[in-house]
Amino acid sequence: MIDYELLRELWWLLLGVLLIGFAVTDGYDLGLGAILRLIGRDDVERRMALEAIEPNWEGNQVWFILGGGAVFAAWPLLYAASFSAFYFAMFLLLVALILRPVGFAFRNRLPHARWRGAWDWALTIAGAVPSLVFGVAFGNLFLGVPFHFTDELLPVFDGSFLGLFHPFALLAGAVSLSMLVMHGASYAAMRVEDPVGARARRIARIAALAAAAAFAAGGVWLRTLPGSAIVGAWSTGAPSDPLAKQASAVDGGWLANYALQPWLIALPALAFAALLAVALLRSRRWSFIASGTAVACIILTAGASLFPFLLPSATDPAHGLTVWDASSSQRTLGIMLVAAAIFLPLILAYSAWAFRVMRGTVTRAHVQAQGEHEGGY
49 MIDYELLREL WWLLLGVLLI GFAVTDGYDL GLGAILRLIG RDDVERRMAL EAIEPNWEGN
109 QVWFILGGGA VFAAWPLLYA ASFSAFYFAM FLLLVALILR PVGFAFRNRL PHARWRGAWD
169 WALTIAGAVP SLVFGVAFGN LFLGVPFHFT DELLPVFDGS FLGLFHPFAL LAGAVSLSML
229 VMHGASYAAM RVEDPVGARA RRIARIAALA AAAAFAAGGV WLRTLPGSAI VGAWSTGAPS
289 DPLAKQASAV DGGWLANYAL QPWLIALPAL AFAALLAVAL LRSRRWSFIA SGTAVACIIL
349 TAGASLFPFL LPSATDPAHG LTVWDASSSQ RTLGIMLVAA AIFLPLILAY SAWAFRVMRG
409 TVTRAHVQAQ GEHEGGY
């Protein structure tokens, strides 16, 4: 059996892989949906944009499901506490995500402009709202979530829904929204013929610069925020008990890992380089690759800053959940690791195969011919 401490760290890395997998794959679906009405000036152009993501978006959702399942099984205390803290935010997120399959299913059922326009707005909301909410949630992690545990380890949320929309959290939401808009626009520029692709390329450049500016502002602001830090002796291989440690809030504490491990500065540096590449590269394919790299590095930067905390507490830093006190048992993590080692490569292989099969440029002629074949819709 693998050492308990190492198992916890491996599952922290796997959780990061699942988050990145979701952001890189389903992220371009969300980002393209958010700009649907900007890159498509008429019904056919919007259908061209949607045609680029319709074959893959359901498969990309697998990463979201895997991430939720991993949190539930590997980090049960994190799952319980986060649902208590973000209940209404998650409800809003799920409503927005539900709009997307409904929009895809019903948009082309009728040829009426008002009908299709309404569903286009629904798909836009379904792309923009989750992109913003994901960032706001990450921003609240750095602020600390107002929750604590009772002696029976029951999580109690001490805040409110409106309290989640702190200015720093909104800035993090702006990073997320601009980042995914950039990614979706880069994908549309690569997959859809001009003029739709050309409009998407311009939006990708603007969104990349906006993401870089918001990311830099967030880094500067982060220096002034108190970050949770563990103090005193503590066993990282002991059974999970978030009340067994001592922790305090330290000014600039979220940057402490960069002082301990200077090589981590490569993560935000690479994120900025990739964002700049999206704005400058002429190759649409390489721009999309740079966009995916930027998304991955921004998430890795957030994870490296927070480590070892998964859900910091603003009510009592000692109640914050870490990699080493919020996990399932050693046996559970070991069994799940075997399952992940078998199925994760299969999912990666399938995702790569599906992406390759569905490659190619979506043209206006193709979409118009398809509409005629479907009875003029």
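Heads up: the sequence shown runs through residues 49 to 425, numbered per the numbering used here.
All C-beta atoms in this analysis are idealised placements derived from N, C-alpha and C, irrespective of residue type, glycine included.
The structure displayed is predicted, hence computed values, not measured ones.
Quick one: what's residue i bridged to in DSSP?
i, result
"SER276", "ALA297"
"THR370", "PHE357"
"VAL410", "VAL240"
Helix, strand or coil: which one does DSSP assign to residue i?
i, result
"HIS214", "coil"
"HIS231", "helix"
"ASP364", "coil"
"ARG85", "helix"
"ARG271", "coil"
"GLY285", "coil"
"LEU142", "helix"
"LEU147", "helix"
"PHE336", "helix"
"MET96", "helix"
"ASP91", "helix"
"PHE134", "coil"
"PHE263", "helix"
"GLY424", "Confidence is the limiting factor: at GLY424 the pLDDT is only 49, short of 50, which leaves the residue's position unreliable, though a coordinate-based value still follows. If DSSP states are grouped into helix, strand and coil, GLY424 belongs with coil."
"ALA292", "coil"
"PHE152", "helix"
"SER224", "helix"
May I ask you to check if the CB of residue i is nearer than 8 Å to at least one heavy atom of the ligand ZN?
i, result
"LEU142", "The ligand ZN is absent from the structure shown, which contains no ligands of any kind."
Need the endpoints of the alpha helix (DSSP H) that residue i sits in, please.
i, result
"PHE195", "From DSSP, PHE195 is part of no alpha helix (DSSP H) but of the beta strand (DSSP E) over 195-197."
"VAL240", "No alpha helix (DSSP H) holds VAL240; DSSP gives it neither H nor E."
"THR73", "52-82"
"LEU114", "105-122"
"ALA174", "161-191"
"PRO316", "314-328"
"GLN378", "378-405"
"ASN305", "304-308"
"LEU158", "Taken as a continuous stretch (DSSP letters only), LEU158 belongs to no alpha helix (DSSP H), as it is neither H nor E."
Kindly indicate which residue of the options has the alpha-carbon position closest to the one of residue i.
i, options, result
"GLY151", "ALA122, ALA170, HIS160", "ALA170"
"PRO194", "ALA389, GLY175, SER361, ARG85", "SER361"
"ALA174", "LEU189, ASN188, LEU140", "LEU140"
"GLY192", "ALA402, ASP206, ARG239, ALA222", "ASP206"
"THR198", "THR380, VAL405, ASP364", "ASP364"
"ILE313", "ASN188, LEU201, ALA352, GLU99", "ALA352"
"THR370", "THR172, LYS293, ARG333, HIS414", "LYS293"
"ILE410", "LEU329, ALA258, GLU241, ALA246", "The sequence shown places Val at residue 410, rather than the Ile named in the question. For VAL410, the nearest C-alpha among the options comes from GLU241."
"PRO324", "PHE263, THR349, ALA350", "First, the residue type needs correcting, since residue 324 is Leu and not Pro in the sequence shown. Checked all of PHE263, THR349, ALA350; the closest Cα to LEU324 is PHE263."
"PRO203", "ALA133, ALA176, ARG148, TRP401", "ALA133"
"TRP167", "ARG330, HIS214, ARG94, LEU358", "ARG94"
"ALA417", "LEU62, LEU86, GLU99", "GLU99"
"GLY115", "HIS214, ARG404, TRP60, ALA366", "TRP60"
"HIS196", "VAL405, LEU359, PHE403", "LEU359"
"ASP299", "PHE190, LEU219, ARG379", "PHE190"
Quick one: give me the first and last residue of the beta strand (DSSP E) that residue i is part of.
i, result
"PRO203", "203-205"
Looking at the C-beta of residue i, does it have a partner C-beta in chain D at a distance below 9 Å?
i, result
"SER130", "As a matter of chain content, chain D is missing from the structure shown, which is built from one protein chain."
Meets three-Cβ-pair contact criterion under 8 Å: the stretch 306-324 and the stretch 338-350: yes
Determine, using beta-carbon pairs with one atom in the stretch 49-65 and one in the stretch 272-289, whether at least three such pairs fall under 8 Å. yes
Stretch pair the stretch 266-285 + the stretch 300-312: three plus CB contacts closer than 8 Å: yes
Quick one: any contact between the stretch 114-125 and the stretch 255-274, if contact means 3 or more CB pairs under 8 Å? no
Any contact of the stretch 142-159 with the stretch 370-387, i.e. 3+ C-beta pairs under 8 Å? In short, these stretches do not touch, since the Cβ pair count stays below three.
Is it true that the stretch 247-255 meets the stretch 226-236, where meeting means three or more beta-carbon pairs spaced less than 8 Å apart? Yes: the two stretches touch, three or more of their Cβ pairs being nearer than 8 Å.
At least 3 beta-carbon pairs within less than 8 Å: the stretch 178-187 vs the stretch 213-231: Three or more beta-carbon pairs drawn from the stretch 178-187 and the stretch 213-231 are found closer than 8 Å, and the two stretches are therefore classed as touching.
For the 8 Å Cβ check, are there 3 or more pairs between the stretch 386-402 and the stretch 74-82? no
State whether the stretch 64-73 contacts the stretch 101-120, with contact taken as three or more CB pairs (one from each stretch) at a distance under 8 Å. yes
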